[in-house]
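Okay, structure first, notes after.
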Amino acid sequence: MGYSALKRAKATGHGAVAFYSHEVATEIKERTRLLHGLRAAFDQQRLFLMYQPQVDATSGRTVGLEALMRWRSDDGRLVPPDRFIPIAEQSGLIKDLGAWAIRTAIHRAAALRAAGHPLRMAVNVSMSQLLVADFEVQLAEALADGGLPPDLLEVEITESVAMQSPDIVLPRLAALKQMGVGVAIDDFGTGYSSLSSLEKLAPDRLKIDRSFISGLDAEQDGGSLAEMIIELGRTLGLKVIAEGVETAAQRDRLVALGCHELQGYLFAAPMASELLVDWLAAHRGGPP
Numbered sequence: 021m022g023y024s025a026l027k028r029a030k031a032t033g034h035g036a037v038a039f040y041s042h043e044v045a046t047e048i049k050e051r052t053r054l055l056h057g058l059r060a061a062f063d064q065q066r067l068f069l070m071y072q073p074q075v076d077a078t079s080g081r082t083v084g085l086e087a088l089m090r091w092r093s094d095d096g097r098l099v100p101p102d103r104f105i106p107i108a109e110q111s112g113l114i115k116d117l118g119a120w121a122i123r124t125a126i127h128r129a130a131a132l133r134a135a136g137h138p139l140r141m142a143v144n145v146s147m148s149q150l151l152v153a154d155f156e157v158q159l160a161e162a163l164a165d166g167g168l169p170p171d172l173l174e175v176e177i178t179e180s181v182a183m184q185s186p187d188i189v190l191p192r193l194a195a196l197k198q199m200g201v202g203v204a205i206d207d208f209g210t211g212y213s214s215l216s217s218l219e220k221l222a223p224d225r226l227k228i229d230r231s232f233i234s235g236l237d238a239e240q241d242g243g244s245l246a247e248m249i250i251e252l253g254r255t256l257g258l259k260v261i262a263e264g265v266e267t268a269a270q271r272d273r274l275v276a277l278g279c280h281e282l283q284g285y286l287f288a289a290p291m292a293s294e295l296l297v298d299w300l301a302a303h304r305g306g307p308p
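Numbering (the working numbering), first residue to last: 21 to 308.
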């Protein structure tokens, strides 16, 4: 119990003192409850994926999907990912969850391809997964088992992960690209990537963080940052996708700036796998 208070003191800074309190005890209890519930949900196959379309900014044609992990608790409520994903990462459970998500997404992409929808499938990968010694071997086996061409899979890692432990991350990403798997840098603009480090990472795609998109409506600073990221992508020859697009004004501004692809509730909310084929048949192209 005292360890949690010590961690808080270290995080606060030199000379800080943190006392164990009722608030800390409540936080520990809640995190423990969530972890036990998450382990049970995984063992009982109560986790599932939802898929959000990614569209070509100019034509509105669907070009990809992002697989998003979801957890419905015993009481029927959806647990927000920002509550259970960090706990999964800190506990190490993310390795099993991530491997399951990759296999599931690959099989869904293969089924869509067989149904006439050969779309790129993006999956989120954590640092813990990248640290697995044979990660790329597992990925290759999952692709072979699912019957999906590697170029229809894209691995998304956050900018912070990309900048962490480059001696591990860079060779791993290079191996994935050699396999033909795409690499996207997620939440781009929230970290501290330099031009040289971005060139070393050599991703296929930059994904503008949603926090920079809302400012496009009101000409706020976020709009300027989005424009800078799009220009950076153009300079490096990288595709740029914006997530969190919710209004036609945001879409129009991103198109004018030269953003390549868009994702957000303006086009579609994340949807269950059984709804995908009908949705894709009804939205073959064109703006919403």
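For glycine and all other residues, C-beta sits at the position ideal for the given N, C-alpha and C.
Could you give the distance in angstroms between the alpha-carbon of residue i and the alpha-carbon of residue j?
i    : j    : result
P191 : T178 : 16 Å
M248 : G57  : 42 Å
T82  : Q74  : 6 Å
L300 : A153 : 37 Å
L54  : R97  : 13 Å
K115 : S148 : 6 Å
H127 : L163 : 8 Å
L2   : D206 : Not covered by the structure: residue 2. The range shown for the chain is 21 to 308.
G166 : D94  : 31 Å
T255 : D187 : 25 Å
A292 : A142 : 15 Å
L218 : S41  : 43 Å
I105 : D224 : 25 Å
C279 : R273 : 9 Å
A61  : S216 : 42 Å
R271 : V265 : 7 Å
A135 : L88  : 21 Å
P101 : T78  : 31 Å
My output table needs one value for residue i: the three-state DSSP class, helix, strand or coil.
i    : result
P169 : coil
A309 : Beyond the ends of the chain as shown, which are 21 and 308, falls residue 309; an answer cannot be given.
T82  : strand
L193 : helix
V265 : coil
T210 : coil
P138 : coil
I177 : strand
Q149 : helix
I114 : helix
D298 : helix
D76  : strand
F200 : Just to set this straight, residue 200 is Gly in the shown sequence, not Phe. In the structure shown, G200 sits in coil (DSSP, three-state: anything other than H, G, I, E or B).
Q13  : In the structure as shown, the chain starts at 21 and stops at 308, and residue 13 therefore has no counterpart that could be examined.
A276 : helix
R97  : coil
A87  : strand
Q184 : coil
Within the present structure, is the beta-carbon of residue i separated from the nearest heavy atom of the ligand PLP by less than 8 Å?
i    : result
A162 : The ligand PLP is not part of this structure, which contains no ligands at all.
Pop quiz: residue i and residue j are said to be a contact at Cβ under 8 Å. What is the actual Cβ separation, rounded to whole angstroms?
i    : j    : result
R140 : G202 : 7 Å
K227 : A246 : So it is not a contact: roughly 11 Å between Cβ atoms.
A125 : E156 : Incorrect: roughly 16 Å between the Cβ atoms, too far for contact.
I233 : L277 : Contact flag wrong, Cβ pair sits at about 11 Å.
Q269 : L236 : According to the sequence shown, residue 269 is Ala rather than Gln. Sure, about 7 Å apart at Cβ, within 8 Å.
So, at 8 Å on beta carbons, what are the nonlocal neighbours of residue i in its own chain, with the 5 sequence-adjacent residues on each side left out?
i    : result
R59  : L113
A288 : Q72, P73, W299 and H303
F208 : E179, L226, K227, I228, D229 and I249
Using a C-beta cutoff of 9 Å, does residue i count as contacting chain B?
i    : result
R140 : Here chain B cannot be found, since the structure has a single protein chain.
Excluding sequence positions up to five away, which residues of its chain have a Cβ less than 7 Å from the Cβ of residue i?
i    : result
A108 : L58, I114 and L117
S111 : L55
L296 : Y71 and L132
Skipping 5 residues on each side, what residues in its chain have a beta carbon closer than 6 Å to that of residue i?
i    : result
L173 : M141 and V201
Segment contact flag, the stretch 60-68 with the stretch 114-127, C-beta cutoff 8 Å, min 3 pairs: yes
Indicate whether the contact test is met: 3 or more Cβ pairs, each with one atom in the stretch 278-288 and one in the stretch 255-264, closer than 8 Å. yes
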